[in-house]
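Per this note's numbering, residue 220 is the first one in the sequence shown, and the count goes up by one each step. For each residue, glycine too, the CB sits at the ideal point set by N, CA and C. To keep things clear, I will list the structure first and then write my remarks on it.
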Amino acid sequence: LSGAGAVEHASEWGTIDFPVFEYYLLGGAPWEVPKIYQDQAAIYHLDKVRTPTHIITGENDVRVSTAQSYMLERALHYLEIPVQLLVFPNEDHSISHNPWHGKIKVREELKWLQKYGHQSFETVMK
220 LSGAGAVEHA SEWGTIDFPV FEYYLLGGAP WEVPKIYQDQ AAIYHLDKVR TPTHIITGEN
280 DVRVSTAQSY MLERALHYLE IPVQLLVFPN EDHSISHNPW HGKIKVREEL KWLQKYGHQS
340 FETVMK
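Below is the structure:
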């Protein structure tokens with residue numbers, strides 16, 4: 220399960236609502252420490268992913284741009300990893316404006332785990 224996860228830090232730095240987070244987390248701006256931004260960005264390591272992934276994000280998320288979730292979905296689809304993206308309209312990072320969205324979120328996560336959760340665990344345990 221992925222909830223509004225950043226997969227590429229340079230674009231995240233440019234769209235996050237408080238860019239000091241990326242600056243301090245990674246030790247500088249993208250042009251100051253480009254290797255760190257690339258080394259720490261999941262998008263460059265997704266070829267190692269084997270786990271079916273359910274992604275949830277809010278349409279109006281300014282903390283982690285919805286584009287990050289679309290990037291992850293596209294990459295996993297390209298790699299033929301089972302993936303599902305659920306984007307909640309009129310929601311931000313917390314997905315708390317509409318109580319029904321919270322219920323739908325939990326229901327869909329449970330359905331995903333019921334379908335794929337045991338496979339992920341068995342793969343890890345081998």
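{"Query": "Pop quiz: I255 and L265 are said to be a contact at Cβ under 8 Å. What is the actual Cβ separation, rounded to whole angstroms?", "Result": "That belief does not hold up - the Cβ atoms of I255 and L265 are roughly 18 Å apart, past 8 Å."}
{"Query": "Can you grab the Cα-Cα spacing for the pair Q303 / E231, in whole Å?", "Result": "21 Å"}
{"Query": "In three-state terms, what does DSSP make of T270?", "Result": "coil"}
{"Query": "Would you mind giving the Cβ-Cβ distance between T276 and I300, rounded to the nearest angstrom? I have them listed as a contact below 8 Å.", "Result": "T276 to I300, Cβ: 18 Å. No contact."}
{"Query": "Taking 7 Å as the line, does the beta carbon of P249 fall inside it for any heavy atom of the ligand HEM?", "Result": "The ligand HEM is not part of the structure shown, which contains no ligands of any sort."}
{"Query": "Can you tell me which of V239, Q257 and N279 puts its alpha carbon nearest to the alpha carbon of A223?", "Result": "N279"}
{"Query": "For a test of the three-state rule: what should DSSP assign to V343, helix, strand or coil?", "Result": "With a pLDDT of 49 at V343, under the threshold of 50, the modelled position of that residue is not reliable, and the figure given next carries that caveat. Here V343 sits in helix by DSSP."}
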